[in-house]
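Number of protein chains: 2
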Amino acid sequence: MTPQLRPVAPPHVLTIAGSDSGGGAGIQADIKTASALGCYGSSVITALTAQNTLGVQGVHVVPPEFVVEQLKSLFADDLVPSAAKLGMLASPETITALGAYLASLTSRPYLVLDPVMISTSGHELLAHSAADALLSDLLPLVDLVTPNIPEAGVLMGTRPSPTTLEDVIALARELHPALKGPALLLKGGHLPVSRDAVVKFIEKEKIEAVWLAPPPIAVIADYREVIGLPEEKPDVVVDVLLDGGITLFVGPCVDTSSTHGTGCTLSAALASCYALEASMANGDKAGAPRRISHDAVRRAIKYTQTAIATAPKLGRGHGPLNHGHCAMQRVIPAPSIHDPTPFTSYLIANASEWDAYVKHPFVIALGKGTLSHEAFAHYIAQDYHYLRHYARAHAAGAAKADDMATIRALADIALHVAKESEMHVEFCASFGITRAALEALPEAATTSAYGRYVLDVALSGDILDVLVAVLSCLIGYGEVGLWLRKQVAAGEAVLEGNPYRRWMEDYAGDDFIGAVRRGIATLEERVVREMPSAPKVERLVQIFAESTRLEKAFWQMGLDQSW
Amino acid sequence: MTPQLRPVAPPHVLTIAGSDSGGGAGIQADIKTASALGCYGSSVITALTAQNTLGVQGVHVVPPEFVVEQLKSLFADDLVPSAAKLGMLASPETITALGAYLASLTSRPYLVLDPVMISTSGHELLAHSAADALLSDLLPLVDLVTPNIPEAGVLMGTRPSPTTLEDVIALARELHPALKGPALLLKGGHLPVSRDAVVKFIEKEKIEAVWLAPPPIAVIADYREVIGLPEEKPDVVVDVLLDGGITLFVGPCVDTSSTHGTGCTLSAALASCYALEASMANGDKAGAPRRISHDAVRRAIKYTQTAIATAPKLGRGHGPLNHGHCAMQRVIPAPSIHDPTPFTSYLIANASEWDAYVKHPFVIALGKGTLSHEAFAHYIAQDYHYLRHYARAHAAGAAKADDMATIRALADIALHVAKESEMHVEFCASFGITRAALEALPEAATTSAYGRYVLDVALSGDILDVLVAVLSCLIGYGEVGLWLRKQVAAGEAVLEGNPYRRWMEDYAGDDFIGAVRRGIATLEERVVREMPSAPKVERLVQIFAESTRLEKAFWQMGLDQSW
């Protein structure tokens, strides 16, 4: 039941590329991409650029030997990546040095090469003459290569100008064998084609297609119109994968200037999605198949497309993508050996009345044995009524559960509470209040307020809401029990001759504290599983704070003997 | 009601620092930090290191003029950061060049300086002699400086060896005026002190303290023990902020080797938290106060501490932090002009029976007017019974809502459905089924299955569950209505003389399609507000897929006239 406390290392993805001072492309885009997809990102820098959304203003090429030195630090049996992408490689000398080093490795990471030759803004980032070095020294080592149409031309020594999907596929089929090894993903972003043309072509040629552009939905088209958006374009962009077979990835055509670093992002996403799959398949050990699945390709393209579609306008030229679109705020970190109960701690830290509740004057007087019989009798009789609602709240939770384990756990607590209430009956009997008189007693306002608040949450909320609504009572009484035991040890409370000794021993006893432990473990485990979002955590904090406030009021009601 | 479709640009945070090929420190840690905290990260690189968790194997210093060139690209009225952190500055010449450039700016970003002199692994990253350049050329321009204890010594030209909290505070008080301007955050990580000592000291000296280390909680201590963790250390680490006043930030003492890049991460987090606050205060415009709030400092320290505490073991030496601890997977991206209904689209894309539902043979025959009267009569009578449950589900949703707007919206739909059912009564009357006969008709199994499924979700789930459970019926009928209208236009369906013309016109009519639009907008808006986590989205997808499957079965029941 206890959640995993030792975090699992994420897959490690390396980028070998240039640095973009503007942060939108190069190793910066790659590290943002790897992080967003849940990988650990590292980088070997081949060149620095002084760059912004308008263009590249300067390049500082890193000496090839220092590129290799960076690689050596990583592969020195320390931070060995399971996948790497290669981007801007700056010079033929760097390509040759890289090729020699990568060829010397006994176990190469999965390699994705984005043949970056021209920046989105039009700057030549690699001399065309370097294509020879790429083809001879690097491509034979690479697993996947991702040129766009102009880059495919450079690799082939031609200037292709395809105008139809047929042309693009013919280009891919011509280029692939020339690469001598890697799978080819030819990116069709430069040539949008009509959806109908793609549908017809696929049917005619019997080619497999993965659709990322959703089919037209009439109610959504109507909604777009009503909120004032133009009709969705009937055009799509097609990326062609040749990996033995041929597969088309058909995405929506997004009209935007936020495309700076698109190629970097896609290749980093491909390396990351490969690494994630490999790590799931065999726990990141060597021997993963060196073939990227179509699902990983689909995820990488989808990630990149959403990053383009949700990008805010930044800069005056081609703005960067929104790399963080697939992340949202996680309020409660994973449990760790340093903090095994992050959610419980968070709730307590955000309940301003917690201390006033667990160290209430009622509790202190009870521990010293100086609490008046009348106050205790009033409290215990009202607590009997409260427990009825408390049991019902658990039963309501059980009624909402969708698995037998939860039904059993909550039904068990409802039963436990019903039994616990018998202790209250006995206490009341010792004060001369019969069971009939106890049952006939009206609820004090605070009892109704608290009992029915917990029940309302149980009826209107989900299981997590229920577990949190009942938590303050559960762990607060445990805290009081354990604290009073410490107070006894410190001479600040007494057991000998204390009329409330049984109460004190019950709530510090193994039975009750065992329930507290199970309650904390159940809750922490459920939070790890359900990952409540920030607004949901906010609601849970409110529920816990409110029930803590009402717990404090409950002691006060006892002390004041108020109705 | 429509969610924001044009994303707001995040605050921009620049790092001016070295590159760590291992990805755990330097600009890589800074970019990971800025991204994790929701900022846009860019970087000006001062030096490249070949580095891993065991040490720094090589350094390539970037020429100072190229450092300035990178800065110029950013500040060329393109991607101007609102805050920047300065880390490893490599050489006195770079410091002087940076100082001159930053001094020349008419509007400087908020500057946090982490005086990086020695790496966690012990490598000297800046000659001690460069301290003079820092003090004369850079510190007067800086807003906040964050040395640890040894670095404070280098800045003062001494070798302090504080042993108590008093010593550390005395050190901070001596260093602060020598810096000539910036606020000082002296990091006490090198000297853990006892919690009790801090409590006593604060009380005695009347110093403000922000506690990040939670107070001891008895039930949590008990829980730690039960799951086999050692007792929590009574030691804390204290960071001292001098910014006019003095404030202590008291954090837990985490025993771990995952501390590579801690200083980088904290200073990047401070710059990010400042930028986030400034952007909220004045929409990122100039004129934000150049003073970091204590809440921003608290958030930055907390972020860094959690990154240390939740780090997986990576590498053989001092491993990197877990920069992504405060992010979790966001399945549904923000609505954008390119995709204003991401949640609705996602549900439909993941309901495998969607097409079989909206283009069911029942619907096609109805559109052509060839559907038998008996089939339609059976369907419409059962739909009357279904609508009762459908109305109740909305009422149950209203009963769970915690705001008047939602109560009103759901109660309104319940009312609408009750009215819609009168159309069914009239249809049945036209087939010779009286109201009494209709009411007396038993529910077919599919009617019970579907109606009570929706009701169960409404009773056991939360508002989002309710909205999704009723969605398939709402938007599916709209889709059928609009599709049949298109089919009529294409000659594939007929209105003239079609006995079901009224039905077809009702579901393509303004009244019903208006409800569809409101339903989509309400749902999309609620998803943006509640940000359902991945497990929650998974549950919502299941609900939508199940109700879509049951809708399809409902048409089939009509066609088969089955019970």
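Residue numbers (UniProt numbering), protein chains in the order written: chain F, 1 to 563; chain P, 1 to 563. Ideal Cβ placement from N, Cα and C applies to all residues, glycine included.
What's the gap between the Cα of residue i and the Cα of residue j?
{"i": "residue 63 of chain F", "j": "residue 72 of chain F", "result": "15 Å"}
{"i": "residue 284 of chain P", "j": "residue 113 of chain P", "result": "Residue placement at residue 284 of chain P is poorly supported in this model, since its pLDDT is 46, which falls under 50; the coordinates still yield a value, given next. Roughly 21 Å separates the two Cα atoms."}
{"i": "residue 483 of chain F", "j": "residue 218 of chain P", "result": "7 Å"}
{"i": "residue 7 of chain P", "j": "residue 526 of chain P", "result": "17 Å"}
{"i": "residue 499 of chain P", "j": "residue 448 of chain P", "result": "28 Å"}
{"i": "residue 131 of chain F", "j": "residue 153 of chain F", "result": "10 Å"}
{"i": "residue 39 of chain P", "j": "residue 108 of chain P", "result": "18 Å"}
{"i": "residue 337 of chain P", "j": "residue 359 of chain P", "result": "28 Å"}
{"i": "residue 240 of chain F", "j": "residue 16 of chain F", "result": "24 Å"}
{"i": "residue 546 of chain P", "j": "residue 536 of chain P", "result": "15 Å"}
{"i": "residue 301 of chain F", "j": "residue 353 of chain P", "result": "25 Å"}
{"i": "residue 344 of chain P", "j": "residue 378 of chain F", "result": "54 Å"}
{"i": "residue 443 of chain F", "j": "residue 257 of chain P", "result": "56 Å"}
{"i": "residue 140 of chain F", "j": "residue 142 of chain P", "result": "50 Å"}
{"i": "residue 325 of chain P", "j": "residue 306 of chain P", "result": "7 Å"}
{"i": "residue 26 of chain F", "j": "residue 348 of chain F", "result": "44 Å"}
{"i": "residue 313 of chain F", "j": "residue 279 of chain P", "result": "16 Å"}
Do residue i and residue j have their C-beta atoms closer together than 9 Å?
{"i": "residue 20 of chain P", "j": "residue 51 of chain P", "result": "yes"}
{"i": "residue 425 of chain F", "j": "residue 394 of chain F", "result": "no"}
{"i": "residue 311 of chain P", "j": "residue 319 of chain P", "result": "yes"}
{"i": "residue 84 of chain P", "j": "residue 110 of chain P", "result": "yes"}
{"i": "residue 11 of chain F", "j": "residue 82 of chain F", "result": "yes"}
{"i": "residue 35 of chain F", "j": "residue 323 of chain P", "result": "yes"}
{"i": "residue 95 of chain F", "j": "residue 155 of chain F", "result": "no"}
{"i": "residue 182 of chain F", "j": "residue 144 of chain F", "result": "yes"}
{"i": "residue 223 of chain F", "j": "residue 340 of chain P", "result": "yes"}
{"i": "residue 454 of chain P", "j": "residue 385 of chain P", "result": "no"}
Along chain F, in chain order, which residues have C-beta atoms closer than 7 Å to that of residue i?
{"i": "residue 565 of chain P", "result": "Nothing about residue 565 of chain P can be reported from this structure: the residues present for chain P run from 1 to 563 only."}
{"i": "residue 51 of chain P", "result": "73"}
{"i": "residue 449 of chain P", "result": "Residues of chain F passing the Cβ test: none, with the nearest at roughly 17 Å."}
{"i": "residue 306 of chain P", "result": "333"}
Shorter than 9 Å from the beta carbon of residue i to some beta carbon of chain F?
{"i": "residue 423 of chain P", "result": "no"}
{"i": "residue 522 of chain P", "result": "no"}
{"i": "residue 259 of chain P", "result": "no"}
{"i": "residue 566 of chain P", "result": "Given that chain P is displayed from residue 1 to residue 563, the structure contains no residue 566 of chain P and the question cannot be resolved."}
{"i": "residue 143 of chain P", "result": "no"}
{"i": "residue 40 of chain P", "result": "yes"}
{"i": "residue 301 of chain P", "result": "no"}
{"i": "residue 453 of chain P", "result": "no"}
{"i": "residue 284 of chain P", "result": "Bear in mind that a pLDDT of 46 at residue 284 of chain P, under 50, signals an unreliable position, so the number given afterwards is only what the model happens to contain. No, because no Cβ of chain F sits closer than 9 Å to the Cβ of residue 284 of chain P."}
Taking only beta-carbon positions, decide if residue i is within less than 9 Å of chain P.
{"i": "residue 384 of chain F", "result": "no"}
{"i": "residue 273 of chain F", "result": "no"}
{"i": "residue 343 of chain F", "result": "no"}
{"i": "residue 416 of chain F", "result": "no"}
{"i": "residue 544 of chain F", "result": "no"}
{"i": "residue 366 of chain F", "result": "no"}
{"i": "residue 6 of chain F", "result": "yes"}
{"i": "residue 256 of chain F", "result": "yes"}
Interface residues of chain F around residue i at Cβ under 8 Å?
{"i": "residue 44 of chain P", "result": "21"}
{"i": "residue 323 of chain P", "result": "35"}
At a CB-CB cut-off below 7 Å, which residues of chain P make contact with residue i?
{"i": "residue 475 of chain F", "result": "219"}
{"i": "residue 483 of chain F", "result": "218"}
So with CB distances below 9 Å, who are the chain P contacts of residue i?
{"i": "residue 334 of chain F", "result": "310, 322 and 325"}
{"i": "residue 340 of chain F", "result": "220, 223, 224, 227 and 229"}
What residues of chain F sit near residue i, judged by a beta carbon separation below 9 Å?
{"i": "residue 420 of chain P", "result": "In chain order: nothing, as chain F lies at least about 18 Å away."}
Check the Cβ of residue i against every Cβ in chain P and list those closer than 8 Å, keeping chain order.
{"i": "residue 54 of chain F", "result": "76 and 78"}
Those runs of the beta strand (DSSP E) which lie wholly inside the segment 19 to 60 of chain P and span at least 3 residues: With a minimum length of 3 residues, the unbroken runs of beta strand (DSSP E) contained wholly in the segment 19 to 60 of chain P fall at 40 to 51.
Restricting to runs no shorter than 4 residues, where is the alpha helix (DSSP H) found entirely within the segment 435 to 499 of chain F? 435 to 440, 445 to 460, 463 to 469 and 471 to 489
Runs of 4 residues minimum, wholly inside the segment 66 to 149 of chain F: which ones carry the alpha helix (DSSP H) assignment? 92 to 104
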